[in-house]
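Chains as they are written, first to last, in our numbering: chain A, 1 to 313; chain B, 1 to 533.
We put the CB at the ideal spot given by N, CA and C, even for glycine.
Since this is a predicted model, take the numbers as computed values, not measurements.
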Amino acid sequence: MFAYIVRRVLATIPVMAFVALFVFSLLYVAPGDPAAVIAGDQATPDDVERIRASLGLDRPFLIRFGEWVWRILQGDLGVSIFTNLPVSTMIQQRIEPTMSLMIITLILAVSVAIPMGVVAAWKQGTVIDRTVMGFAVLGFSVPVFVVGYVLAYIFALELDWVPVQGYTPIKQGLWPWFRNLILPSIALGTVYIALIARITRATMLEVLQQDYIRTARAKGAGQRNILFLHALKNAAVPIVTVIGIGIALLIGGAVVTESVFAIPGLGRLTVDAILRRDYPVIQGVVLLFSFVYVLVNLFIDLLYTILDPRIRY
Amino acid sequence: MDRRNFLKASAGVAALAGSGSIAAPALAQPAGARTLRFVPQANLANFDPIWGTQYVVRNAAALVWDTLYGFDENLQPQRQMVESEEVTANGLTWSFRLRPGLKFHDGAAVTSKDVAASLTRWMARDSMGLMVRALLEEIVSVDDRNFRIVLKRPYPKLLVALGKNSTPMAFIMPERIAKTDPFQQINEYIGSGPMRFVRNEWVPGAKAVFERFADYQPRQEPSSWLAGGKRMGVDRIEWIIMPDPATAASALQNGEIDWWENPITDLIPLLRRNRNVRADIADPLGNIGTFRMNHLTKPFNNLKARQAVMAALNQEDYMRALVGNDDALWKRIPGYFTPGTPLYTEEGGDILKGPRNMELAKRLLAESGYDGTPVPCVIAQDQPITKNMGDVTADLLKRIGFNVDFVATDWGTTGQRRAMKNPVGQGGWGMFHSWHAGADCINPAVYIAIRANGDGAWFGWPNIPAVETEVSNWFEAKNLDEEKAAISRLNRAAIENVVYAPTGFFLQYQAWRANVSGITKGPLPFFWGVSKS
Numbered sequence: 001m002f003a004y005i006v007r008r009v010l011a012t013i014p015v016m017a018f019v020a021l022f023v024f025s026l027l028y029v030a031p032g033d034p035a036a037v038i039a040g041d042q043a044t045p046d047d048v049e050r051i052r053a054s055l056g057l058d059r060p061f062l063i064r065f066g067e068w069v070w071r072i073l074q075g076d077l078g079v080s081i082f083t084n085l086p087v088s089t090m091i092q093q094r095i096e097p098t099m100s101l102m103i104i105t106l107i108l109a110v111s112v113a114i115p116m117g118v119v120a121a122w123k124q125g126t127v128i129d130r131t132v133m134g135f136a137v138l139g140f141s142v143p144v145f146v147v148g149y150v151l152a153y154i155f156a157l158e159l160d161w162v163p164v165q166g167y168t169p170i171k172q173g174l175w176p177w178f179r180n181l182i183l184p185s186i187a188l189g190t191v192y193i194a195l196i197a198r199i200t201r202a203t204m205l206e207v208l209q210q211d212y213i214r215t216a217r218a219k220g221a222g223q224r225n226i227l228f229l230h231a232l233k234n235a236a237v238p239i240v241t242v243i244g245i246g247i248a249l250l251i252g253g254a255v256v257t258e259s260v261f262a263i264p265g266l267g268r269l270t271v272d273a274i275l276r277r278d279y280p281v282i283q284g285v286v287l288l289f290s291f292v293y294v295l296v297n298l299f300i301d302l303l304y305t306i307l308d309p310r311i312r313y
Numbered sequence: 001m002d003r004r005n006f007l008k009a010s011a012g013v014a015a016l017a018g019s020g021s022i023a024a025p026a027l028a029q030p031a032g033a034r035t036l037r038f039v040p041q042a043n044l045a046n047f048d049p050i051w052g053t054q055y056v057v058r059n060a061a062a063l064v065w066d067t068l069y070g071f072d073e074n075l076q077p078q079r080q081m082v083e084s085e086e087v088t089a090n091g092l093t094w095s096f097r098l099r100p101g102l103k104f105h106d107g108a109a110v111t112s113k114d115v116a117a118s119l120t121r122w123m124a125r126d127s128m129g130l131m132v133r134a135l136l137e138e139i140v141s142v143d144d145r146n147f148r149i150v151l152k153r154p155y156p157k158l159l160v161a162l163g164k165n166s167t168p169m170a171f172i173m174p175e176r177i178a179k180t181d182p183f184q185q186i187n188e189y190i191g192s193g194p195m196r197f198v199r200n201e202w203v204p205g206a207k208a209v210f211e212r213f214a215d216y217q218p219r220q221e222p223s224s225w226l227a228g229g230k231r232m233g234v235d236r237i238e239w240i241i242m243p244d245p246a247t248a249a250s251a252l253q254n255g256e257i258d259w260w261e262n263p264i265t266d267l268i269p270l271l272r273r274n275r276n277v278r279a280d281i282a283d284p285l286g287n288i289g290t291f292r293m294n295h296l297t298k299p300f301n302n303l304k305a306r307q308a309v310m311a312a313l314n315q316e317d318y319m320r321a322l323v324g325n326d327d328a329l330w331k332r333i334p335g336y337f338t339p340g341t342p343l344y345t346e347e348g349g350d351i352l353k354g355p356r357n358m359e360l361a362k363r364l365l366a367e368s369g370y371d372g373t374p375v376p377c378v379i380a381q382d383q384p385i386t387k388n389m390g391d392v393t394a395d396l397l398k399r400i401g402f403n404v405d406f407v408a409t410d411w412g413t414t415g416q417r418r419a420m421k422n423p424v425g426q427g428g429w430g431m432f433h434s435w436h437a438g439a440d441c442i443n444p445a446v447y448i449a450i451r452a453n454g455d456g457a458w459f460g461w462p463n464i465p466a467v468e469t470e471v472s473n474w475f476e477a478k479n480l481d482e483e484k485a486a487i488s489r490l491n492r493a494a495i496e497n498v499v500y501a502p503t504g505f506f507l508q509y510q511a512w513r514a515n516v517s518g519i520t521k522g523p524l525p526f527f528w529g530v531s532k533s
């Protein structure tokens, strides 16, 4: 197992190198000019040109790429073209809101979706099943921002139970922190709940047809034990796989959710950086997201061995 | 832990959190009435008002840095940091004396050396500053409070240059900061304005915080725009960046923010239905929409092709696309200067008046020898103003007979592409849309888009000597009548030669909570005099 983990960690190096090369090349060929954005609408072409030169944006691709890679190898993500702040500082400022949002969403989605899927499978063909599947279809179909606006209108504007927008750091209190995340996590979690619930139902339906379930019933096991102890454990591998893959969904959804609820997270940082062509920030954030995604997948792979002892690496 | 104990523990944690025992006091709960929560027009992504000339940077900088002079609501420069000034009879030597007791936020006194360094940096980046620099003999620091500006030729508009509100403004910084290369960004944000910048709370893209500067000494006169006493009615101002207008509208209605600089027009009826919200015009000087053509490439390098656009362009179409049916928010302008300001003129603007003449436009296009070359219309889709105008333009050009190549892109790419002088087909462009704040269109000194000096002109690079002659005449004018005469001739020459096509004059709203008072209309949000109850 240890050797496997080491191999997998080492395997992330070429993956990250490819991501780095891809992102840098993509930004190099993409149109847009941060110097023009910095200079503003009143600037003359000469001003724009001088700013571009001062930022080093007029230098050849290979030199810029080489310098960037050298800095990355030294653990330096560079400095934002616009804010003059280190990219690592900007990520540090933004990582807590995004991590908080994703963790709460993950907890919410898993704790709601799995029971929903299990119950839907158990009550296959009934009103409950159709209701759950109806919700799943709706969850897939309605965009995150629409869910966000509707929730904000009802629960923030009309009922005044929670704030419309913003983020309170956890160090300022658990409840203020959580209160700001309730609506965003429900909005972001809707599609995720739908995805997990559908997979759980489908997998459970398959498992519930197995002989060992019939045996368990014959032995007099209770329904709860059959569903959650015998069936769900054996259905866990595909469910966990989908949860892992869904992290990418969460990262994408966080961009929209953070904008709708004005949460100062990494998603908004990414969008702002892309719109302004703040290359160091875009590169830093994409590398971070890629790294997180690789780690999550590694974790999921390791989880398989716990859920299914037959799996060995 | 069994289930019962887990539930008990969870309930205990929840109760503790709910009681606020875990919550940190002080920073988390600032005194509401002393903190103003403001949603600006855009993200404060950098904070060097000389290096980055976006309006949002200028607006924040006006809180932190002070100026020698400041424009009042009559667009006249008034003394601000300066106590007195004298100019010699030949107009070549200006002597200034700073007010006593001026301090920077780090406690150091403001001296004439700081002024000299700040003006030197500003002159390298500002259009009026460049003119001053071209005429400058020297800036002499006489002693801590006195300095002289010695010119090679008289420059009657010097105080206008030092007090104007167009970007970049002549902000005064400590000498060590002002010595930074004007094309490099500063790293310290120390000013002598009424508020200090709280750097450790700055989260670019999310939040910027300003706190009252206790040692600031406001002038005794009542405040008027950038002039007079800048007395703060709050101790802390939080700029909260909200990219989504619907979220900002909800937050304002819910009392989570106090003042929103630029609500979109569509949301104004909704906001006005809330009795706790007020909405009014933000800036009476408004904005002028622009249809900017490339004078270097086909087809708009031909005057008749540009005139074809002017003959057919209906400003009402553009303005309705921007502001809807609210007629109070727009007006036609058969000219280039801001309506309601002293130099406004309609001289020579007949081609923009009356019913639109599509037949004339088609005839002019045919006379131009247009051969059907595609016209790349570079339209930024992420800016509602340019997007809406772009849709109108695509239809207009097609109806005239142009072969439209509609390039839907974002503002960052527009910024890059408009700087390219390549021919169409090699990355060049035919036209793009933008808009200019009315405050930047009040006279040729601040109006970079009206200049027609070829390579030195704004994007599109018009080269029209008649326009430049009148710009020079305006600078040399000795009184308002002479200025008006020069501007009338300039307006006529600019329209006849189509420096660019104005798409109309439009206003925008601002909105605030009813418990906020002291908000004034102006070209930027003025925070002095604003308070909360």
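Which class does residue i belong to by DSSP, given the choice of helix, strand or coil?
{"i": "B/Q29", "result": "Its pLDDT being 41, under 50, B/Q29 is placed unreliably in this model, and the value from its coordinates should be taken loosely. Looking at B/Q29 - three-state DSSP - the assignment turns out to be coil, as it is neither helix nor strand."}
{"i": "B/H295", "result": "coil"}
{"i": "B/S192", "result": "coil"}
{"i": "A/V9", "result": "helix"}
{"i": "B/L280", "result": "Note that residue 280 of chain B corresponds to Asp in the displayed sequence, not to Leu. Strand."}
{"i": "B/N314", "result": "coil"}
{"i": "B/G70", "result": "strand"}
{"i": "B/A380", "result": "strand"}
{"i": "B/R3", "result": "Unreliable positioning characterises B/R3 in this predicted model, as indicated by a pLDDT of 41, which lies under 50. The coordinate reading is nonetheless provided below. In this structure, B/R3 counts as helix in the three-state DSSP scheme."}
{"i": "B/K521", "result": "coil"}
{"i": "B/L226", "result": "coil"}
{"i": "B/L490", "result": "helix"}
{"i": "B/S84", "result": "strand"}
{"i": "B/V209", "result": "strand"}
{"i": "B/S21", "result": "With a pLDDT of 37 at B/S21, under the threshold of 50, the predicted position of this residue should be treated as unreliable, though the coordinate-derived value follows. Three-state result, B/S21: coil."}
Do you know whose CA, among the options, lies nearest residue i's CA?
{"i": "B/A445", "options": "B/N90, B/L36, B/A108 and B/L130", "result": "B/L130"}
{"i": "A/A136", "options": "A/R277, A/A152, A/E258 and A/A197", "result": "A/A197"}
{"i": "B/F505", "options": "B/G229, B/R489, B/H295 and B/I385", "result": "B/I385"}
{"i": "B/Q508", "options": "B/E482, B/T35, B/L36 and B/Q41", "result": "B/Q41"}
{"i": "B/S95", "options": "B/L159, B/A514 and B/L135", "result": "B/L159"}
{"i": "B/V516", "options": "B/Q510, B/A485, B/P523 and B/V530", "result": "B/V530"}
{"i": "B/R212", "options": "B/R231, B/F402 and B/R219", "result": "B/R231"}
{"i": "A/M133", "options": "A/Y149, A/P264, A/P115 and A/V147", "result": "A/P115"}
{"i": "B/C377", "options": "B/I442, B/D395 and B/T469", "result": "B/D395"}
{"i": "B/P374", "options": "B/V404, B/D382, B/Y216 and B/V392", "result": "B/V404"}
{"i": "A/D46", "options": "B/G456, B/R37 and B/Q54", "result": "B/G456"}
{"i": "B/R163", "options": "B/G233, B/P342 and B/L119", "result": "Per the sequence presented here, residue 163 of chain B reads as Gly, with Arg not at that position. Of the listed residues, the one whose Cα sits closest to B/G163 is B/L119."}
Taking the alpha helix (DSSP H) that residue i falls in, what are its first and last residues?
{"i": "B/P384", "result": "P384 to I400"}
{"i": "A/L269", "result": "L266 to R276"}
{"i": "A/A53", "result": "P45 to S54"}
{"i": "A/F261", "result": "It is not in any alpha helix (DSSP H) - A/F261 carries neither H nor E in the DSSP assignment."}
{"i": "B/K113", "result": "S112 to M123"}
{"i": "B/W435", "result": "From DSSP, B/W435 is part of no alpha helix (DSSP H) but of the beta strand (DSSP E) over M431 to A437."}
{"i": "A/A121", "result": "V87 to W122"}
The beta strand (DSSP E) that contains residue i, what's its start and end?
{"i": "B/R236", "result": "R236 to I240"}
{"i": "A/F145", "result": "Per DSSP, A/F145 belongs to no beta strand (DSSP E); it is in the alpha helix (DSSP H), V144 to L151."}
{"i": "A/I199", "result": "First-last for A/I199: L174 to V207, but that is the alpha helix (DSSP H), not the beta strand (DSSP E)."}
Chain A partners of residue i, CB-CB under 7 Å?
{"i": "B/T503", "result": "Those do not exist, as B/T503 stays about 15 Å from chain A at its closest Cβ, beyond 7 Å."}
{"i": "B/A279", "result": "Those do not exist, as B/A279 stays about 17 Å from chain A at its closest Cβ, beyond 7 Å."}
Which bits of chain B does residue i rub up against, with CB to CB less than 8 Å?
{"i": "A/G32", "result": "D410, G412, T413, G415 and Q416"}
Give the interface partners of residue i over in chain A, defined as CB-CB distance under 8 Å, in chain order.
{"i": "B/M242", "result": "Q165 and A262"}
Next item on the list: Using a Cβ-Cβ cut-off of less than 7 Å, give me the residues of the stretch 265 to 298 of chain A that come near chain B, in sequence order.
Entry: R268, L269, D272, L275, R276 and R277
Taking a cut of 8 Å between CB atoms, which residues from the stretch 87 to 102 of chain A lie near chain B? M90, Q93 and R94
What residues in the stretch 151 to 169 of chain A bring their beta carbon closer than 9 Å to a beta carbon of chain B? A152, Y153, A156, L157, D160, P163, V164, Q165, G166, Y167, T168 and P169
Please list the residues of the stretch 193 to 216 of chain B that have a C-beta atom closer than 7 Å to any C-beta atom in chain A, keeping them in chain order.
-> V203, P204, G205, A206 and K207
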